[in-house]
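Working notes for the structure below.
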Amino acid sequence: MLSPDPDIRRKRLLYRAWHRGTREADLILGSFAEAHLAGFDAMQLD
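Per our numbering, residue 2 is the first one in the sequence shown, and the count goes up by one each step.
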């Protein structure tokens, strides 16, 4: 079950973006997540 709190969901997504399994994927997705997750609304977080 997903948390209704968008801040908690952002933190979880950021963690998952930085821990994908390969360093290259971590750098690409983690950097994107840090730059853009703060601006996502609840619908975009789904």
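All residues carry an ideal CB built from backbone N, CA and C; glycine is no exception. Fair warning: this is a prediction, and the values are worked out from it, not measured in the lab.
It is roughly 17 Å from the alpha-carbon of I9 to the alpha-carbon of A36. Cβ-Cβ distances below 8 Å link L15 to G31, A34, E35 and L38 in the same chain, with the five nearest sequence neighbours on each side left out; the list follows chain order. Judged by their CB atoms, L46 and R11 are nearer to each other than the 8 Å cut-off.
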